[in-house]
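*Asks:* From first to last, the protein sequence lines are chains X and W. Heads up, the first sequence is in this note's numbering, so the first residue is 1 and it goes up one at a time. Heads up, the second sequence is in this note's numbering, so the first residue is 1001 and it goes up one at a time.
2 protein chains.
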Amino acid sequence: MSDPSKAASDLRIVLVGTQHPGNIGAAARAMKTMGLSKLVLVAPEKAPDRDTRAMAAGADDLVEAAPVFSTLAEAVADCRWVLGATARNRRIQLEPLHPREAARRAVAAAASGPVALVFGRERTGLTNEELQLCHAAVHIPSDPAFSSLNLAAAVQVLSYELRCALLGDADMPLAEARTPPPGEGAASHAELEGLFGQLADTLDQIDFHKGRAPDSAMRKLRRLYLRANLDSADVRLLRGVLADAQRMARLAAQADAGGKIG
Amino acid sequence: MSDPSKAASDLRIVLVGTQHPGNIGAAARAMKTMGLSKLVLVAPEKAPDRDTRAMAAGADDLVEAAPVFSTLAEAVADCRWVLGATARNRRIQLEPLHPREAARRAVAAAASGPVALVFGRERTGLTNEELQLCHAAVHIPSDPAFSSLNLAAAVQVLSYELRCALLGDADMPLAEARTPPPGEGAASHAELEGLFGQLADTLDQIDFHKGRAPDSAMRKLRRLYLRANLDSADVRLLRGVLADAQRMARLAAQADAGGKIG
């Protein structure tokens, strides 16, 4: 995997005609949490102000460094690939991509030059003319019954997908993330069999079976402990608990025997 | 593919100890854009107020319908699977899942009962005690250099992943490669807590601790059993074993007392 911060520097977030300066700050913050730093503004309705800084909450540097253009065409003039964020039911020519797919393509395209992800005005989005500058559209699959994703939220979701694509960690065979890697401290087969042997003895000694066939309970318990991916320390812990239960069973048996003798 | 709105109704977003009422509203809005409706509050620092409504921007219905509990344990008592959102460098015992994997597992688990996705306090997150109620942790892969994802942004990203998993429209082939999530009949939170309570009692009665602090062993045992994805029958089986160990401990104690008297 290549350096994500290098690739991130070729991913540009472009905000077109933003109406509320606070949203510029909130978008900058959303970007920065996901390791993106290139913010570009196109004809904001109001220049960044105190609201912008308040909402940026530490991402002011992105706003201060942001170039301001008067048209989208100028802002993306040097870009290899331009992706426009759209609401679901816009009548656009471009088939919108899923954010995940869009992010993968954006990261791939960024290997050969700047890539822009373009967000329109809070109320009205991008104009048809602006969308015609885009190579593809991306749509966040919000609930059609309540699709009022605000600008910063949309930037957050797409920046998150870009980061996942940059890190390349989202689609790794997640079996790996789920089960602890075999090796590191994982209990050996012999340790597990030692545990199961002691468990079977303990069940006998505490009179768990009470005449029932012992196999079925042991089978279920084996399965259960195998699922838990025990490490060596877990096995020692469980065997310690069993040892004390066995000690109690011996004391109880001695008392019982003593009672009978007396 | 089953009905996403049906499955969504078993996905619960739980906000613990939220400090700013505005964030409750912003979180509700983030959820609702992604088709989620079940919001639950645990001991918010301040009750929902005018700021909450302003930030909810049309998602007030979720806040109004939200039950308020005084502890997380109560809020998730009926849940089949509980997932805690954590910052990267928390020293937690649970290996955090990627949001994508966490969402897939949450949606799969929701087929057999309620699932909770738990978010902690703005500044300090979840306590260790609260994290111990979780079956798994989830971490949004923010940039370590600027990881100040706010509460609503975190809810937005995870709600988005839940919606993607519900719609099943991204990465379908990958989804099938996973190990089965907590299956049909997965033990409820209350069943698991019943097991852990009896386990703690048993450790006392068989004199497992021998003067050592009991917390560490119980924490390890909880983790181990949570990893095993116990179903209700497993819980009954383990409680049966514990009951017999407790019986032996009582017999041993009686014999001991009898011996002393005699």
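Each residue gets a CB set at the ideal place from its N, CA and C atoms; glycine is no exception. All of these numbers come straight from a predicted model, not from anything done at the bench.
1) Write down the C-beta distance between Gly35(X) and Arg121(X) rounded to the nearest angstrom, noting that I regard them as a contact closer than 8 Å.
2) Could you tell me if Thr33(X) is buried or exposed, where buried requires 16 or more neighbouring beta carbons within 10 angstroms of its beta carbon?
3) Buried or exposed: which applies to Ser112(X), given that a residue is buried once 16 or more other Cβ atoms fall within 10 Å of its Cβ?
4) Pair every Cβ in the region 1147–1164 of chain W with every Cβ in the region 146–163 of chain X, then say whether three or more of these pairs are closer than 8 Å.
5) Kindly provide the ranges of any alpha helix (DSSP H) runs that are 4 or more residues long and lie completely inside the region 63–131 of chain X, ordered along the chain.
6) Using only the alpha-carbon positions, how far apart do Ala1186(W) and Gln1156(W) sit?
7) Have a look at the DSSP bridge pairing and note the partners of Lys38(X).
8) Measure the C-alpha to C-alpha separation of Val68(X) and Gly125(X) and round it to an integer number of angstroms.
9) Answer with yes or no whether the minimum CB distance from Ala1066(W) to chain X is below 8 Å.
10) From Asp143(X) to Met1031(W), what does the alpha carbon distance come to, in whole angstroms?
11) Measure from the C-beta of Gly197(X) to each C-beta in chain W and report whether the shortest distance is under 8 Å.
12) Tell me, to the nearest whole angstrom, how far the beta carbon of Ser1037(W) is from that of Leu1062(W); I am working on the premise that it is less than 8 Å.
13) Please identify the residue among Arg1104(W), Pro1048(W), Gln1132(W) whose C-alpha is closest to the C-alpha of Arg1219(W).
14) Quick check on Gly183(X): buried or exposed, where buried means 16 or more other Cβ atoms within 10 Å of its Cβ?
15) Using the Cα positions of Arg178(X) and Ala109(X), report the straight-line distance between them to the nearest angstrom.
16) Helix, strand or coil for Ala1217(W)? Go by DSSP, reduced to three states.
17) For Gly1197(W), does the count of other Cβ atoms within 10 angstroms reach 16, so buried, or fall short, so exposed?
18) If you measure from the beta carbon of Ser148(X) to each beta carbon in chain W, is any gap under 8 Å?
19) Using a 10 Å radius around the Cβ and a threshold of 16 neighbouring Cβ atoms, would you call Gly1084(W) buried or exposed?
20) What did DSSP end up calling Asp1231(W) once you bin it into helix, strand or coil?
21) Would you mind stating whether Val107(X) and Ala165(X) have Cβ atoms separated by less than 8 Å?
22) Between which two residues does the beta strand (DSSP E) carrying Ala1136(W) extend?
23) Can you list the residues of chain W that Gly240(X) reaches, using a CB-CB cut of under 9 Å?
24) So with CB distances below 7 Å, who are the chain W contacts of Asp78(X)?
25) Give the secondary structure of Ala165(X) by DSSP, where H, G and I count as helix, E and B as strand, and everything else as coil.
26) Counting only beta-carbon atoms, is Cys1134(W) nearer than 8 Å to chain X?
27) With a threshold of 16 other CB atoms inside 10 Å of the CB of Gln1227(W), please say whether the residue is buried or exposed.
28) Going by C-alpha to C-alpha distance, which of Leu1117(W), Asp1010(W), Ala1028(W) sits closest to Leu149(X)?
29) Which residues of chain W have a Cβ atom closer than 7 Å to the Cβ of Thr86(X), listed in chain order?
30) According to DSSP, simplified to helix, strand and coil, what is Ala1186(W)?
31) Applying the criterion that 16 or more other CB atoms from any shown protein chain within 10 Å of the CB defines a buried residue, is Arg100(X) buried or exposed?
32) Under 8 Å: do the region 1202–1209 of chain W and the region 227–243 of chain X share three or more Cβ pairs, one atom per stretch?
33) Exposed or buried, Ala152(X), counting other C-beta atoms within 10 Å across all chains shown (16 or more means buried)?
34) Any heavy atom of the ligand ADP closer than 7 Å to the Cβ of Ala8(X)?
35) Applying the criterion that 16 or more other CB atoms from any shown protein chain within 10 Å of the CB defines a buried residue, is Asn1229(W) buried or exposed?
36) Quick one: using the 10 Å Cβ neighbour count with 16 as the cut-off for buried, is Arg1012(W) buried or exposed?
*Replies:* Walking through what the data contain:
1) Not quite, the Cβ-Cβ distance comes to about 26 Å (not below 8 Å), so this is no contact.
2) buried
3) exposed
4) Two segments are said to touch when three or more pairs of C-beta atoms, one from each, lie closer than 8 Å; by this definition the region 1147–1164 of chain W touches the region 146–163 of chain X.
5) As far as the region 63–131 of chain X is concerned, its whole alpha helix (DSSP H) runs of at least 4 residues are 72–75, 99–109, 128–131.
6) 28 Å
7) Arg12(X)
8) 18 Å
9) no
10) A straight line joining the alpha-carbon of Asp143(X) with that of Met1031(W) spans about 10 Å.
11) no
12) Contact check for Ser1037(W) and Leu1062(W): beta-carbon distance about 6 Å, within the 8 Å limit, so the pair qualifies.
13) That would be Gln1132(W), whose Cα lies nearest to the Cα of Arg1219(W).
14) Confidence at Gly183(X) is low in this model, with a pLDDT of 40, below 50, so the placement of that residue should be treated as unreliable; the coordinate-derived value is given next. So Gly183(X) ends up on the exposed side.
15) With a pLDDT of 38 at Arg178(X), under the threshold of 50, the modelled position of this residue cannot be trusted; read the value that follows with caution. For Arg178(X) and Ala109(X), the distance between alpha carbons rounds to 31 Å.
16) helix
17) exposed
18) Yes - at least one Cβ of chain W is within 8 Å of the one on Ser148(X).
19) buried
20) strand
21) yes
22) 1136–1138
23) Phe1208, Ala1217
24) Chain W residues near Asp78(X): none, gap ~25 Å exceeds 7 Å.
25) helix
26) no
27) Reading the sequence as shown, one finds Arg at residue 1227(W) and not Gln. Looking at its Cβ environment, which holds 16 or more other Cβ atoms inside 10 Å, Arg1227(W) is buried.
28) Ala1028(W)
29) The premise fails here: Thr86(X) is roughly 15 Å from chain W at the closest Cβ pair, so nothing lies under 7 Å.
30) In the structure shown, the three-state DSSP call for Ala1186(W) is strand.
31) buried
32) yes
33) buried
34) With respect to small molecules bound, the structure shown includes none, and the ligand ADP cannot be examined in it.
35) buried
36) buried
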